[in-house]
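In our numbering, the protein residues as written are 26 to 454.
Beta carbons: idealized from backbone N, C-alpha and C, even for Gly.
Here the structure is a predicted model, which is why all the values come from computation and not from measurement.
One structure is given below, encoded as structure tokens.
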Amino acid sequence: MQVMKWSALALAVTAGTTQLAFASAQSEANGFVEDADAVLFLRNTYWNRDYNKGVSDAKAWGQGFIGTFESGFTQGTVGFGVDAFAMQGIKLDGGGGTASNHNMGGLIGDSNEVNSKGDNTPVDDWAQAGAAVKVRLSNTVLKYGNQMPNLPVLAYDDSRLLPQSFTGTMITSSEIEGLELNVGHFTQNSSMWDASADDLELKSTDVAGGSYQFTENLSAALYYSDIDDVAKKQYANVNYTIPMGEEQALNFDFNIYKTKYENDTTASDMFFGNGIEGDDNTIASLAGKFTTGAHAFILAYQQNSGDVGYAYDIGDGGSAIWVANSYYSDFNAADEKSVQASYELDFATYGAPGLSWKTAYVYGYDIQVLNESDATEREIFNQVKYVVQEGAAKDLAFKARNSIYRADNNFGTDMNEWRLFIEYPLDVL
26 MQVMKWSALA LAVTAGTTQL AFASAQSEAN GFVEDADAVL FLRNTYWNRD YNKGVSDAKA
86 WGQGFIGTFE SGFTQGTVGF GVDAFAMQGI KLDGGGGTAS NHNMGGLIGD SNEVNSKGDN
146 TPVDDWAQAG AAVKVRLSNT VLKYGNQMPN LPVLAYDDSR LLPQSFTGTM ITSSEIEGLE
206 LNVGHFTQNS SMWDASADDL ELKSTDVAGG SYQFTENLSA ALYYSDIDDV AKKQYANVNY
266 TIPMGEEQAL NFDFNIYKTK YENDTTASDM FFGNGIEGDD NTIASLAGKF TTGAHAFILA
326 YQQNSGDVGY AYDIGDGGSA IWVANSYYSD FNAADEKSVQ ASYELDFATY GAPGLSWKTA
386 YVYGYDIQVL NESDATEREI FNQVKYVVQE GAAKDLAFKA RNSIYRADNN FGTDMNEWRL
446 FIEYPLDVL
């Protein structure tokens, strides 16, 4: 806590002495229509989870259509605008007992229809739509309505067929160069598993914080969230890069969450089910990344402490876990420690721009489960991605992601997973 308080003080002092170093964004507004942007994003996904130990396999194939509209701001001292989205998911395959109850492979489960294995059957199609009004004064924007925030303590999930959304108010201010401040109050949250706009019956989530770019190579962030009757979270990040010559650099990235749950069963009941109950968790990670030309080598260490593991998507979104060792497994169980070694390759240097590969191995140990404190888990992760760089199919993206996961019998279920994505953005405006 002393480190976090000192970081907050340093940020405040620096911000207070920094000059307003860039022009007002509102003064450069061209108009509601003139700066408008509309995109139809096509996403085709296939999931295959091959479980061991008697657990039902999960296979699903779907097509998503995500239309987004972002207006510009009207001219004047105060600008007004509107953002909107409409999206639809269609099941192409996933019936007949092939999609499991706990994960629909990016599809949405029908709670009223159960297949032969006792799992919820995915619905054939589902849709969501939303809109938000926005007001801008200088470099500060207030937005109210349906939106997709992306903050460490409130982050929508976009790893499935259709993204999550939240309903509420967000203020984002960038009046000082390098400093971004965020304050928000949200009252609805669509989860990763349901088409409802508020299937989690969220009371409210309040967020506040900001990030500051001290220098070209040093940045920091502090955030706080209060999920009413569920949990309170504090988050801090420091990111530092050391240039080491032409096309070489060493980067360090530190992340920490401190969570206080409102009751002893929030984390254990909603996520882990390992018989461990408690009301607090601290999860921290430190990653070092050495980049040389097309190659990057990463080593990371992550540690949990407190009574229980780290829970998220409890009113804060399915991506509110900005730590180093988060892949298929998040390595976020009670008392768990984990180490990672990974490698990244950018094939542009070898004549294939747009093609990249990442491989990682993560080992988790000292996991606390009922009557045991040394359970383990491990994952081998691989991802290959290609984005078309030019021509009629420019920005068409192909991504193949594979995880091989193994765990002790008393902690997790062994699994091999494939996720395949084809994505294409069509500019409408």
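In the DSSP assignment, find the unbroken beta strand (DSSP E) run with P450 in it and report its ends.
Unbroken beta strand (DSSP E) run through P450: 440-452.
Nearest to A5 by alpha carbon, out of E241, G114, D338, Y386?
Since the first and last residues shown for the chain are 26 and 454, residue 5 lies out of range.
Report the rounded CA-to-CA distance for G89 versus K116, giving the unit in angstroms.
9 Å
For D149 and W443, what's the separation of their Cα atoms in angstroms?
22 Å
Helix or strand or just coil, what does DSSP make of Y375?
helix
Under the rule that 16 or more other beta-carbon atoms within 10 Å means buried, what is G104, buried or exposed?
buried
Report all residues from its chain with a CB closer than 6 Å to the CB of Y260; omit the five preceding and five following residues, and keep chain order.
P177, V178, Y248, Y282
Counting Cβ pairs, one atom from each stretch, are 3 or more of them under 8 Å apart for the segment 48-63 and the segment 73-85?
In short, these stretches do not touch, since the Cβ pair count stays below three.
Here's the rule I'm using: 16 or more other beta-carbon atoms within 10 Å means buried, otherwise exposed. How should N434 be labelled?
exposed
Helix, strand or coil for S52, going by three-state DSSP, please let me know.
helix
Counting only the same chain and skipping the five closest in sequence on each side, list residues whose C-beta sits under 6 Å from that of H127.
Summary for H127: the model assigns pLDDT 46, below 50, so the residue's position carries little reliability; its value from the coordinates is reported in the next sentence. If we look at H127 and ignore the five residues flanking it on each side, it has no Cβ neighbours.
Could you say which of L186, Q113, T99, I133 lies nearest to V160 if we only look at CA atoms?
T99
When the Cβ atoms of the segment 419-429 are set against those of the segment 395-407, are three or more pairs found closer than 8 Å?
yes
Pick out whichever of N329, T70, Y368, V263 has its Cα sitting closest to the Cα of Q393.
Among N329, T70, Y368, V263, the Cα nearest to that of Q393 is on N329.
So, with DSSP's three-state summary, where would you put I339?
coil
Among A152, G437, A50, whose alpha-carbon lies nearest the alpha-carbon of L186?
A152
What are the complete beta strand (DSSP E) segments, minimum 3 residues, inside the segment 366-441?
380-394, 397-412, 422-432
Along the beta strand (DSSP E) that carries I323, what are the first and last residues, could you check?
320-331
For T39, which residues of its own chain have a beta-carbon under 6 Å away from its beta-carbon, when the five flanking residues on both sides are left out?
Because the pLDDT at T39 is just 42, under 50, the model does not fix this residue reliably, and the value given afterwards should be weighed accordingly. Taken in chain order, the list of residues that qualify is empty.
Buried or exposed: G97, going by 16 or more other Cβ atoms within 10 Å of its Cβ?
buried
Classify F57 as helix, strand or coil using the three-state DSSP reduction.
coil
Please confirm whether I196 and T165 have their CB atoms less than 8 Å apart.
yes
Tell me whether Q27 is buried or exposed, calling it buried when 16 or more other Cβ atoms sit within 10 Å of its Cβ.
For Q27, the predicted model reports a pLDDT of 42, less than 50, meaning its position is unreliable; a value from the coordinates is still stated below. Answer is exposed; the Cβ neighbour count stays below 16.
Determine the DSSP secondary structure at A46, reduced to helix, strand or coil.
Unreliable positioning characterises A46 in this predicted model, as indicated by a pLDDT of 47, which lies under 50. The coordinate reading is nonetheless provided below. Three-state result, A46: coil.
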